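Asks:
Numbering (full-length UniProt numbering), first residue to last: 1 to 91.
#1: For the alpha helix (DSSP H) holding residue 48, just list the boundary residues, first then last.
#2: Kindly identify the DSSP beta-bridge partner or partners of residue 70.
#3: Per DSSP, what kind of secondary structure is residue 3 in: helix, strand or coil?
#4: Let me confirm a value: residue 11 is counted as buried when at least 16 other C-beta atoms fall within 10 Å, else exposed. Which label applies?
#5: Quick check: the Cα distance between residue 55 and residue 68, rounded to an integer number of angstroms?
#6: When the Cα of residue 46 is compared with those of 73, 84, 9, 91, which residue comes out closest?
#7: Are residue 33 and residue 43 closer than 7 angstroms when you measure CB to CB?
#8: Distance check for residue 17 and residue 57, CA to CA, integer angstroms please.
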C-alpha cells in the first residue's frame, strides 16, 4: 500500500472533509511518533504494537566482494514489536 492509497483509505474510513485533511492527519501522526522516538520515548498502541529505539552494538562483518573483515559501528535503530491483536489478525 502506498502513502496515497493509505490517505485514500483514511479519508474514507474516518469520514474526513477532504483528502488533504487526511494527509495532514497522517503527516502529524508520523511527525509525533518520530519526535517521541528522537526524545528516547517509546510509542505504544495497545493491541497494534509498539515502536522503540534500541542500540545495536558494534560488530565485525565481512566485505562480500573482497572477504576482508570490517568493523561495523554501533548505532541506534527503531524496532517495531507487533501487539497481540495484530499478530492474531495477521495469522
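Ideal Cβ positions, reconstructed from N, Cα and C, are used throughout, including at glycine. On a predicted model such as this, the values are computed, not experimentally measured, just so you know.
Replies: Working from what's here:
#1: Counting along the chain, residue 48 falls outside any alpha helix (DSSP H), and DSSP gives it neither H nor E.
#2: 61
#3: helix
#4: buried
#5: 25 angstroms
#6: Checking every option, the nearest Cα to that of residue 46 belongs to 84.
#7: Result yes, Cβ atoms of residue 33 and residue 43 sit closer than 7 angstroms.
#8: 47 angstroms
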